[in-house]
Amino acid sequence: MKAPAFAYLRPVSIAEAVAALAEGAGGARILAGGQSLVPMLNLRVAFAETLVDIGAIADLRAVSDEGETVLIGAGVTHATLEDGASGDHWCGMLAFVARDIAYRAVRNRGTLGGSLCHADPAADWPVAMMALGATVQLAGPDGERALASEDFSVDVFTTALEEDEMLTGIRLPKLSPSARWSYRKMRKKAGAFGEAIAAVVHDPARGFTRVVAGSSAVGGPCRLEALEGAVASGSLAAEATIRAALAEREPDLDRYEMQIHATCLRRAMKEVSS
Amino acid sequence: MTDTGVGASLPRKEDDRFLHGRGRYLADIEMPRMLDVAFVRSPLAHAEIVGIEKPEEAGERVFTARDMDGVVPIRPTSNVAGHRIVGSPPMAFDRVRFVGEIIATCLAPNRAQAEDLAERVVPDLKELPVVASIDAAMAEGAPLVHADWGTNLSMETRFDSGIEEQVARATVQVTRTLDMARQAMVPLEGKGALAHYDARDGQLVVYSSTQSPHMIRNALCQCLGLQQRQIRVVAPDVGGGFGYKAILHPEEVIVAWLALRLKRPVRWLEDRFEHLTAGANARQHRYRMTAHADDRGRILALDAVLTTDAGAYSIWPHTNGFDAIQASGILTGPYDIGGYRVRTMTVATNKPPLSPYRAVARPGACFAMETLVDAVARAVGRDPVEVRLENLVPAAAMPYKAITGKEYDSGDYPASLRRARAMVDAVSADAGPDRLIGTGYAVYTEHTAVSTATISQIGVQMMPGFEQAAALMQPDGSLEIRVGVQSHGQGMETTLAQIASEVLGIDPQRVSVRHGDTALSPYSTGTYASRAIVMTGGAVAAAADKLAFKLREIAAHMMQCTADDVRLEAGELVGPGASMTIEEAAVIWHFRPFDLPEELLRDGLEVTGGYRPDGDRAPFAYAAHAARVAVDPELGTVEVLDYVAVDDCGTRVNPMIVDGQVLGGVAQGIGTALFEEVPFDDQGQPLATTFGDYSVPAASEIPMIRLDHMETRSPYTRFGVKGVGEGGAIAPPAAVVNAINDALRSTGAELCAVPATPRRVLQAIFDAQDRAAGKKEAAR
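So the sequences go chain by chain: A and B. Position one of the first sequence corresponds to residue 77 (this note's numbering), numbered consecutively onward. Position one of the second sequence corresponds to residue 28 (this note's numbering), numbered consecutively onward.
Here is the structure:
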């Protein structure tokens, strides 16, 4: 499968990229690492009249320490995060998650921002970012705006991005040194998308606890607040409670799906509590 | 053995170009004015073609079946009574019968533009009811894949040795139903074909990524009505075949026809989407197996029903019945079983046509037999290895005539199993609540280098006969070997040179092996059935023998002695009082003909030798495999911790290459065991159409596979060789599933299908839980 013809632009600033999107009037798409978009163009399940390649925009690869938070450029690659080249204020969690995304060849090109915008329900970053309480920075013709990652993620393959907007950065609160986290992914083989993902972050010093599940079966990242109390109090949630929380989010899980999600969640919560 | 002949682990001569990226595959070939092809393929599994709307300006750029006047349909043949056969049409005429079937062919200067054109071709399809599984196809009143058959049962065979006496003696009956999923073969290089008309030679030249150039020429001549001399088929470097490239593809016919019609080069390169839809064609078998055994687990009789989900058409040349015939002929495996009854049913479905994949039906047959043996062992409460040892054909019984009629030529099956048991790591893995550990075994025997007699029984158009090889001594004494098989991973450019070296003492670095080109090589049915080292290796030796005789005659004349007095030793022609090199003899014939008498000059130093095993008897290779796995009983995931294979392919021409064949085969077999599957929904839609959904094992999923070898020479073949190309892929589904079931013994679960995906493993555990709960309920 080969993509139909498209125009190709390679702006060097965010302003130019935003202008190109406005000019494309819905027919322009951002090309970041291209690890999902390019195969989809080739399979002719995604279309673009113009590809706006943001690979030459240096600002999108910057990582800025803001004190309580860190702003990670949307164009930072999985490999950069895997290698810890952007610094580690998350007790190793970003590197851990990055290491198990697809294969190194994909990680060398694929970006954090690209993954969030693509919003594949089985992807890792949307789950991990929600578990860490990230906000996203968006730029559009009317300037910038920020959104909590829960609000950015709207549905399967759907985000709150307007067609003339682009994601420029991800603002992540730092974890306290005493924070604990667990990230559990069940997948058919190394490099495959998760069949079930559970992310648990517990940062008592900041009073922050998150339990997030993700996968195609549950329709993308979902915060399971009903389970956060148990984690915050250091107790183990009962299996029935875990299953009830999952069923409330997604009533149509079959027995297998329920089992693998509940298992990942239980193991992640146990790891954080131990 | 010489240090460059049979038995030497010579580094592969072909690897220099492969490892430096200098191989030349089909997609590397460009020609002036070449057009690329994109096909319009059916989105429906069963539909009537009401019409096909071509874009206005399509002209000579869009073609359908109605344009292919005079092209004769592909007609596979069979001797099996009542076998209903319809070959794959190059393009569908009035009906499509599987998703991916070709409806129209579009041409453009590049593939992207050809796809643009294809998007503008609008087929008007009227949906018809679909049968997408064995059960649907065999149901009462099922829709028919081919209406004129009146049934979806394409072929049925029965064999019964008489089992009543054994059944009466048996005290234990164990019955299982075992399923193997539909797979795609996924060679690294996809299929492809490029054809152009060469006016100077008056030949249609077809480059094809194929294992069998002469066979493709046979088929193209039938379809296009050309004489054999008018077609040349060339297989360039081929990146893996596995049987996918041993069959005629409809695309090859279309590309060849278009090149003739348009008089310009036309190329089709299969992409992965096409491969995983239209090419999802392998392995789908179901076995209903009953073992009749005694209290010790000695199997007295096997009663089996084998059903294949064979797809919509018969591939050429094997037909859709090849899997059933192969499986039923080998199902009793390496065991000494006194009674055997089998019924096979080859069932047409709205899916791509079933095709022979590495080891053809043996992975399914081995999976069925070996999981049954483990079930028998559980039923009688004995160790599965001990039960196997009791049932295996003992070495003393060789050669052994199996109940299937096959003759196993040589070997010590129990010894291979004992070695595998001793090798497999039984201790190092830690078990835990989320990690159950188990070990599983599988033993198989494999009919390699299929004989003429076997093929003539089933009557397919693939008759091996005597394999031919040409040996052309060059003026400087270097040697060119020309063979009709095609080397696409087997390392034949090395091993066949080693065989020439073994006979002539010539340095393999002075030998070239030319293959895969009908213009260069003698006729051959090609590379399949683990046959090349047996058949072509034998033919190369036969040609080298002839050459050796001629060289000795030349030397004898020069040394004033008789040819009988001249020995060939390490490339030297040694007479009673003098010696000369092969090179010197070659130089004399070519450049000093005045030194030789006429009778030595006449026939030259270019010879052809022919070979088949003594009495047309095929050698049987065999192996014992053992797998150790960890199963997470809450997630259903399986990790292969250790894998050992102890095989016997007789004399190993190049032990390093044998290792490579076994390792690659085991990796592929682990794919069948754990990962690979194209599921179809009930409307015949394939559900794994990219590598995101079709999982193939990669380095992370393959353990360090450990090998051991036995070398029992075949009494029937030159050098005592047996085939080894397919064997590694046969046993892993059986060994891995037996290991999983061993790991799950505490849960009461038993898996009876591959691939053993997490969902299947957990379903087996759920079923066991439900059974236990049901029993408790009943007890209350």
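Note that CB positions come from ideal geometry on N, CA and C, so glycine has one too. Bear in mind the structure is a predicted one, so any value in this text is a computation, not a measurement.
Taking buried to mean at least 16 other C-beta atoms within 10 Å of its own C-beta, is residue i buried or exposed?
{"i": "A:Gln335", "result": "buried"}
{"i": "B:His345", "result": "buried"}
{"i": "A:Tyr84", "result": "exposed"}
{"i": "B:Trp176", "result": "exposed"}
{"i": "B:Asn137", "result": "exposed"}
{"i": "B:Asn418", "result": "buried"}
{"i": "B:His47", "result": "exposed"}
{"i": "B:Asn347", "result": "buried"}
{"i": "B:Asp55", "result": "exposed"}
{"i": "B:Met490", "result": "exposed"}
{"i": "B:Lys803", "result": "exposed"}
{"i": "B:Gly677", "result": "buried"}
{"i": "B:Ser727", "result": "exposed"}
{"i": "B:Asn106", "result": "exposed"}
{"i": "A:Ser350", "result": "exposed"}
{"i": "B:Asp591", "result": "exposed"}
{"i": "B:Gln536", "result": "exposed"}
Could you tell me how far apart the beta carbons of residue i and residue j are, in whole angstroms, since I believe they sit closer than 8 Å?
{"i": "B:Ala339", "j": "B:Val172", "result": "5 Å"}
{"i": "B:Gly366", "j": "B:Gly189", "result": "7 Å"}
{"i": "A:Gly103", "j": "A:Thr126", "result": "6 Å"}
{"i": "B:Val77", "j": "B:Leu152", "result": "7 Å"}
{"i": "B:His312", "j": "B:Ala424", "result": "Not really, about 29 Å apart at Cβ, beyond 8 Å."}
{"i": "A:Ala396", "j": "A:Ala275", "result": "Summary: the structure shown does not reach residue 396 of chain A, with chain A confined to residues 77 through 350, and so no result is reported for it."}
{"i": "A:Gly149", "j": "A:Ile130", "result": "Between A:Ile130 and A:Gly149 the Cβ distance is about 10 Å, and since that is not below 8 Å, they are no contact."}
{"i": "B:Ala429", "j": "B:Thr359", "result": "6 Å"}
{"i": "B:Pro379", "j": "B:Ala307", "result": "5 Å"}
{"i": "B:Ala443", "j": "B:Met737", "result": "Per the sequence presented here, residue 443 of chain B reads as Ser, with Ala not at that position. Indeed, because the Cβ distance is near 6 Å, the residues count as touching under 8 Å."}
Strictly under 8 Å for the Cβ-Cβ distance: is residue i near chain B by that measure?
{"i": "A:Gln111", "result": "no"}
{"i": "A:Thr339", "result": "yes"}
{"i": "A:Leu303", "result": "no"}
{"i": "A:Met116", "result": "no"}
{"i": "A:Gln213", "result": "no"}
{"i": "A:Tyr84", "result": "no"}
{"i": "A:Lys346", "result": "no"}
{"i": "A:Arg331", "result": "yes"}
{"i": "A:Pro80", "result": "yes"}
{"i": "A:Ile177", "result": "no"}
{"i": "A:Ile318", "result": "no"}
{"i": "A:Leu119", "result": "yes"}
{"i": "A:Met77", "result": "yes"}
{"i": "A:Ile336", "result": "yes"}
Report the partner residues of residue i according to the DSSP bridge assignment.
{"i": "B:Thr334", "result": "B:Arg313 and B:Met372"}
{"i": "A:Arg286", "result": "A:Val277"}
{"i": "B:Cys133", "result": "B:Ala65 and B:Val89"}
{"i": "B:Thr237", "result": "B:Thr237 pairs with nothing; no bridge assigned."}
{"i": "B:Gln210", "result": "B:Ala309"}
Does the beta carbon of residue i come closer than 8 Å to any beta carbon on chain A?
{"i": "B:Leu287", "result": "no"}
{"i": "B:Glu818", "result": "Look at the range of chain B in this structure, 28 to 807, and you will see that residue 818 of chain B is not part of it."}
{"i": "B:Ala139", "result": "yes"}
{"i": "B:Asp298", "result": "yes"}
{"i": "B:Cys662", "result": "In the sequence under discussion, the amino acid at residue 662 of chain B is Leu, which differs from the Cys named in the question. Judged by the 8 Å Cβ criterion, B:Leu662 is in contact with chain A."}
{"i": "B:Asp206", "result": "no"}
{"i": "B:Glu183", "result": "no"}
{"i": "B:Asp143", "result": "yes"}
{"i": "B:Ala800", "result": "no"}
Query raised in the report: Listed in chain order, which residues of the segment 701-730 of chain B have Cβ atoms closer than 9 Å to some Cβ of chain A?
Result: Taking 9 Å as the upper bound on Cβ-Cβ separation, chain A lies near residues Leu701, Phe702, Thr716, Thr717, Gly719, Ser722, Val723, Pro724, Ala725, Ala726, Ser727 and Glu728 of the segment 701-730 of chain B.
Query raised in the report: At a Cβ cut of 8 Å, what residues of the segment 773-798 of chain B count as close to chain A, listed as they run along the chain?
Result: Per Cβ criterion, the list reads Thr784, Pro785, Arg786, Leu789, Gln790 and Phe793.
Query - Near-chain B residues of the segment 259-275 of chain A - C-beta to any C-beta below 9 Å - result: From the segment 259-275 of chain A, only Met262, Arg263, Lys264, Lys265, Ala266, Gly267, Ala268, Phe269, Glu271 and Ala272 have a Cβ closer than 9 Å to chain B.
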